[in-house]
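First the structure, in the form of structure tokens, and then the observations on it.
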Amino acid sequence: MTSPTLEAIYTRLLAHFSRLHGPLAVRPWWPIFGDDPAFEMLVGAVLVQQTRWEAVEQVVQRLLAADLLSPVALVQVEVADLGPLLRPVAFYPQKASGLRALAAYIVTGYQGRTATLLARPLEELRAELLALPRIGPETCDVTMLYGGGHPVFVVDAYTRRLFARVGPAPHQHEPERWWRDRYAQVRQTIEVTLAHPVPAEPPVALYAEFHAQINEVCVRYCLARPRCDGPPSRRVYSRQDGRESYLDRADGCPLREICRYYREEQHDAASRGSSGRKRGKPA
Ligand code: SF4
Numbered sequence: 139m140t141s142p143t144l145e146a147i148y149t150r151l152l153a154h155f156s157r158l159h160g161p162l163a164v165r166p167w168w169p170i171f172g173d174d175p176a177f178e179m180l181v182g183a184v185l186v187q188q189t190r191w192e193a194v195e196q197v198v199q200r201l202l203a204a205d206l207l208s209p210v211a212l213v214q215v216e217v218a219d220l221g222p223l224l225r226p227v228a229f230y231p232q233k234a235s236g237l238r239a240l241a242a243y244i245v246t247g248y249q250g251r252t253a254t255l256l257a258r259p260l261e262e263l264r265a266e267l268l269a270l271p272r273i274g275p276e277t278c279d280v281t282m283l284y285g286g287g288h289p290v291f292v293v294d295a296y297t298r299r300l301f302a303r304v305g306p307a308p309h310q311h312e313p314e315r316w317w318r319d320r321y322a323q324v325r326q327t328i329e330v331t332l333a334h335p336v337p338a339e340p341p342v343a344l345y346a347e348f349h350a351q352i353n354e355v356c357v358r359y360c361l362a363r364p365r366c367d368g369p370p371s372r373r374v375y376s377r378q379d380g381r382e383s384y385l386d387r388a389d390g391c392p393l394r395e396i397c398r399y400y401r402e403e404q405h406d407a408a409s410r411g412s413s414g415r416k417r418g419k420p421a
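For the sequence shown, the residue numbers in the numbering used here are 139 to 421.
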């Protein structure tokens, strides 16, 4: 069997889940509730570190209710007062001081306009974001892609797990590299591999949609214990209107036909079955 391509994975996911992402100002896949989408995006990207999205939305709602979801408002709050609002997320004391510092940075350097910061040239923005507190490579890239519209592919644990299991080119002979390689290396590999094949989508749209699709298949099927043959997990992870339409599907994972892990599981099960039958035969 030929190894699957990233494009084949993307095409199958898109056919299964339909399009999930729209531009930030219209209907982004990243749920937005307030009227400062760029800052909310950055806040959510920090809050979601080591945390389920449900808890992030809880905190976003609290910040909105307290009228704190803007750099200008947030910079005026004491970290000690912000901490309790963030309690549902992991490492909330550190995230409280991190968010407060981010707000101060945006107020001082960009007159409180996060969109102006995110509109900086890609490499300059990446260096600037990575120098800020609570921002590592994944948080940086997800903010640049969904908040700033920059063409960067986001590599998260879902991406690594999915690709290591499905086993697409160019690492078809060493699928563990999707786990083992450093962040920037995996991102570069994906961006270079996706640069040539067919998708007639601009990189920003392609990367944003592909990441959303990866997230969806990993939440529904490719969990730590995969649900290859279904049914999908019915977890509701966002309160945003329309998200429940994601839960309609009742069938199995759309990647079964091209997935290395699934093929090997089937093969192992068949071997166990045939050796079991042999063991069951009368001597
Ligand atoms: S077939 Fe199973 S292991 Fe493969 S991607 Fe789907 S859920 Fe994951």
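Yeah, the Cβ is synthetic: ideal placement off N, Cα and C, and Gly gets one too.
*Going by the CB atoms, is the gap between PRO209 and PHE221 shorter than 9 Å?*
As a first step, residue 221 must be located in the sequence shown, where it is residue number 83. As a first step, residue 209 must be located in the sequence shown, where it is residue number 71. Going by the sequence as given, residue 221 is Gly instead of Phe. Contact flag unset, no.
_Given the structure, does LEU393 come close to ligand 1, in the sense that its CB is under 8 Å from one of the ligand's heavy atoms?_
The count along the sequence shown starts at 1 and reaches residue 393 at position 255. Yes; taking the cut-off as 8 Å, the Cβ of LEU393 has a heavy atom of ligand 1 nearer than that.
*Integer-rounded CB distance, given that VAL342 should sit under 8 Å from HIS288*: Against the sequence shown, residue 288 aligns to sequence position 150. Against the sequence shown, residue 342 aligns to sequence position 204. 7 Å between Cβ atoms; contact.
*Output the distance between the C-alpha atoms of PRO275 and GLN351, rounded to the nearest integer angstrom.*
Within the sequence shown, the letter at position 137 stands for residue 275. Within the sequence shown, the letter at position 213 stands for residue 351. Taking the straight line joining both Cα atoms gives about 20 Å.
*Through-space distance from TYR345 to ALA265, alpha-carbon basis*: Position 127 of the sequence shown holds residue 265. Position 207 of the sequence shown holds residue 345. Cα to Cα, ALA265 sits roughly 20 Å from TYR345.
_Beta-carbon within less than 8 Å of ALA407's beta-carbon, same chain only, minus the 5 sequence neighbours each way: which residues are those?_
Residue mapping note: residue 407 aligns to position 269 of the sequence shown, counting from 1. Excluding sequence neighbours, ALA407 sits near nothing in its chain.
*Got a sec, what are the start and stop residues for the alpha helix (DSSP H) PRO222 sits in?*
The residue given as residue 222 occupies position 84 in the sequence shown. Residues 217-223.
*Beta-carbon proximity of VAL245 to VAL213, cut-off 9 Å*: On the sequence shown, position 107 is the one that residue 245 refers to. On the sequence shown, position 75 is the one that residue 213 refers to. Against a cut-off of 9 Å, the Cβ pair of VAL213 and VAL245 comes out as a contact.
*Where does LEU158 land, buried or exposed, given buried means 16+ other C-beta within 10 angstroms?*
For the purposes of this step, residue 158 is identified with residue 20 of the sequence shown, where counting begins at 1. So LEU158 counts as buried.
_Integer-rounded CB distance, given that LEU180 should sit under 8 Å from LEU240_ = For the purposes of this step, residue 240 is taken as residue 102 along the sequence shown, with counting starting at 1. For the purposes of this step, residue 180 is taken as residue 42 along the sequence shown, with counting starting at 1. Correct: roughly 7 Å between the Cβ atoms.
*With a CB to CB cut of under 7 Å and the five nearest residues on each side skipped, what residues in its chain are close to ASP389?*
On the sequence shown, position 251 is the one that residue 389 refers to. Closer than 7 Å at Cβ, skipping near neighbours: GLY368.
*Put SER141 into one of helix, strand or coil per three-state DSSP.*
Indexing the sequence shown from 1 puts residue 141 at position 3. It is coil, neither helix nor strand.
*Among the residues of its own chain, which have a CB less than 7 Å from the CB of VAL357, if the five just before and after it don't count?*
Position 219 of the sequence shown, counted from the first residue, corresponds to residue 357. Here the set comprises SER371, ARG373, TYR375.
_Which residue marks the beginning of the alpha helix (DSSP H) containing LEU202, and which one marks its end?_
Position 64 of the sequence shown, counted from the start, is the residue given in the question as residue 202. Note, LEU202: alpha helix (DSSP H), 191-203.
*Determine the direct distance from the alpha carbon of VAL198 to that of GLU192, and round the result to whole angstroms.*
The sequence position of residue 192 within the sequence shown is 54, counting from 1. The sequence position of residue 198 within the sequence shown is 60, counting from 1. Rounded to whole angstroms, GLU192 to VAL198 spans 10 Å at the Cα level.
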